[in-house]
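Asker: Submitted below is the structure of interest, expressed as structure tokens.
2 protein chains.
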Amino acid sequence: MAGKLPDDIVTRLREAGLRATRPRLAVTEALRAMGGHHTADDVHAHLARHGTALPRTSVYNSLVTLADLGVVLRAEVGPGAAVYEVADSWHHHFVCRRCGEVGDVPCVAGAKPCLTPGDDVGQVDEAQVIFRGTCRRCLAAGDPADPAAPKDPADPNAA
Amino acid sequence: MAGKLPDDIVTRLREAGLRATRPRLAVTEALRAMGGHHTADDVHAHLARHGTALPRTSVYNSLVTLADLGVVLRAEVGPGAAVYEVADSWHHHFVCRRCGEVGDVPCVAGAKPCLTPGDDVGQVDEAQVIFRGTCRRCLAAGDPADPAAPKDPADPNAA
DNA sequence: TGATAAATTTGTACATTGTCCATGTACAAA
DNA sequence: TTTGTACATGGACAATGTACAAATTTATCA
């Protein structure tokens with residue numbers, strides 16, 4: 001966790017010729033405060049709860065901008081919503097089929113693209129790996145024959 | 001292309017304790033006839049065009065069942081719809097950021113899981129890689145500064 | 001072949017996720 | 001201050017997928 005101060009973000013936005021607007025800073029701050037992986041709606045809800053309510057569209061817009069800039073990472077982890085996180089380094093994800101939890105998996109290369117296809121398909125700039133299986137907690141909880149247990153661990157937000 | 005005859009599918013369904021119902025066979029046949037990668041709605045539209053119309057829900061249900069069985073592969077390739085294809089062997093996907101085209105990338109291992117995470121995150125049964133970049137056709141077409149060109153190559157269906 | 005029980009399908013309604021567009025606002029340069 | 005542009009905002013909308021209950025199909029067994 002290399003503490004990314006808002007100032008840092010302001011600088012990075014400016015350097016990219018973008019403006020450091022309230023929604024962009026608020027979204028970044030929200031993701032950092034929550035930690036882990038969260039959907040656009042999670043961010044929207046968090047901001048509403050913390051007095052910095054933004055229109056849903058603005059959350060989406062900001063996330064797209066920040067992802068393009070590389071300040072946040074976007075991961076498509078299944079049928080549902082994409083999840084975002086503050087990006088310290090390039091890495092992959094593990095998704096539990098049982099509880100849906102998303103975990104980080106370090107990337108040996110640490111930079112994009114970390115893998116290259118055997119075939120010449122064009123110009124590759126990113127290789128994202130999604131590992132699927134059963135997380136340790138679900139393995140420990142047993143119940144090997146119950147794939148329909150959508151445990152929803154209470155959202156662990158600080159203040 | 002190991003020609004998978006419908007009989008084959010019937011057998012595989014039965015062996016899994018499932019029934020060989022009309023929607024399941026029709027969806028499999030549609031995917032095989034179309035070739036390549038297609039969304040649930042593509043399948044739905046194809047079937048409607050070919051006299052085997054099914055309710056949208058049935059297409060979704062069948063795809064889930066068939067994917068669980070391993071008869072078809074499901075790939076999450078971005079913000080939009082998941083794409084399905086008849087599965088001959090495990091492989092990965094390349095998604096063009098420019099035109100959205102999805103291509104296959106052979107997997108060196110050819111079986112799941114082909115990669116394993118460095119960390120012990122639990123029990124991994126699958127590792128799906130998504131390569132992103134610019135496909136050869138878009139590279140050739142130039143226009144490096146036009147990411148907003150949603151070329152939609154006409155759906156190449158036979159019959 | 002015909003009856004039976006269970007698995008599936010079907011249709012509707014709905015929730016979720018994401019995008020489009022038109023208008024208003026804030027910023028930065030002249 | 002003026003002006004041009006980037007951006008935010010809000011509403012509507014499209015796309016994608018799921019839940020549910022009733023009707024139907026499928027496999028099994030007599």
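Protein chains in written order, with the UniProt record's numbering: chain A, 1 to 159; chain B, 1 to 159.
Don't be surprised by glycine CBs; every beta carbon is placed ideally from N, CA and C.
For clarity, every value in this text was computed on a predicted model and none was experimentally measured.
1) So for A:V86, helix, strand or coil by DSSP?
2) Could you give the distance in angstroms between the alpha-carbon of A:A109 and the alpha-carbon of B:R136?
3) Using DSSP's beta-bridge definition, name the partner residues of B:A67.
4) In chain B, which residues lie with their C-beta within 8 Å of the C-beta of residue 160 of chain A?
5) Quick one: using the 10 Å Cβ neighbour count with 16 as the cut-off for buried, is B:T65 buried or exposed?
6) Do A:V124 and A:H92 have their C-beta atoms closer together than 8 Å?
7) Under 8 Å, Cβ to Cβ, is there at least one residue of chain A near B:P23?
8) Cα-Cα, which of A:A30, A:H44, A:R19, A:V72 is closest to residue 167 of chain A?
9) Identify each residue in the region 63 to 79 of chain B for which the Cβ-Cβ distance to at least one residue of chain A is less than 7 Å, and report them in chain order.
10) Is the CB of B:R136 under 8 Å away from at least one CB in chain A?
11) Determine, using beta-carbon pairs with one atom in the region 34 to 48 of chain B and one in the region 68 to 83 of chain B, whether at least three such pairs fall under 8 Å.
12) Answer with yes or no whether the minimum CB distance from A:V121 to chain B is below 8 Å.
13) So B:G51 contacts chain A; which residues on that side make the cut at Cβ distance below 8 Å?
14) Measuring alpha carbon to alpha carbon, tell me which residue in A:M34, A:E126, A:I9, A:A33 is nearest A:R22.
15) Taking 8 Å as the threshold (C-beta atoms), are B:L47 and B:A20 in contact?
16) Using a Cβ cut-off of 9 Å, pull out every chain B residue sitting near A:V108, in sequence order please.
17) Following the continuous alpha helix (DSSP H) through B:L115, name the residue where it begins and the one where it ends.
18) Give me the Cβ distance between B:C107 and B:C114, rounded to the nearest whole Å; I'm assuming they're in contact under 8 Å.
19) What is the residue span of the beta strand (DSSP E) that B:L139 lies within?
20) Does the CB of A:A111 have a neighbour CB from chain B at under 8 Å?
21) So B:L139 contacts chain A; which residues on that side make the cut at Cβ distance below 7 Å?
22) Check the Cβ of A:L115 against every Cβ in chain B and list those closer than 8 Å, keeping chain order.
23) Three-state secondary structure (DSSP) at A:D42?
24) Is there a Cβ from chain B that is less than 8 Å from the Cβ of A:A48?
25) With distances taken between CB atoms, is the gap from B:L69 to B:L13 smaller than 8 Å?
26) Please name the residue, chosen from A:V59, A:L18, A:A140, that lies closest to A:T28 on a Cα-to-Cα basis.
27) Quick check on the DSSP output: the alpha helix (DSSP H) that includes B:R32 runs from which residue to which?
28) What residue range does the beta strand (DSSP E) around B:A75 cover?
29) What residue does the beta strand (DSSP E) around A:P79 start on, and which one ends it?
30) Give every residue of the same chain whose Cβ lies closer than 6 Å to the Cβ of A:A127, excluding the five residues on either side of it in the sequence, and list them in chain order.
Answerer: Judging by the given coordinates:
1) strand
2) 25 Å
3) Paired residues: none, contrary to the question.
4) Summary: the structure shown does not reach residue 160 of chain A, with chain A confined to residues 1 through 159, and so no result is reported for it.
5) buried
6) no
7) no
8) The structure shown does not extend to residue 167 of chain A, since chain A is modelled only from 1 through 159, so no value can be given for it.
9) E76, G78, P79
10) yes
11) yes
12) yes
13) Near B:G51 there are no residues of chain A at all, since even the closest Cβ is about 30 Å away, more than 8 Å.
14) A:I9
15) no
16) G118
17) First-last for B:L115: undefined, no H or E at that position.
18) 5 Å
19) Counting along the chain, B:L139 falls outside any beta strand (DSSP E), though it belongs to the alpha helix (DSSP H) covering 136 to 140.
20) no
21) G122, Q123
22) V129, F131
23) helix
24) no
25) yes
26) A:V59
27) 22 to 34
28) 72 to 75
29) Looking at the DSSP string, A:P79 is not in any beta strand (DSSP E), and its letter there is neither H nor E.
30) P113, C114, L115
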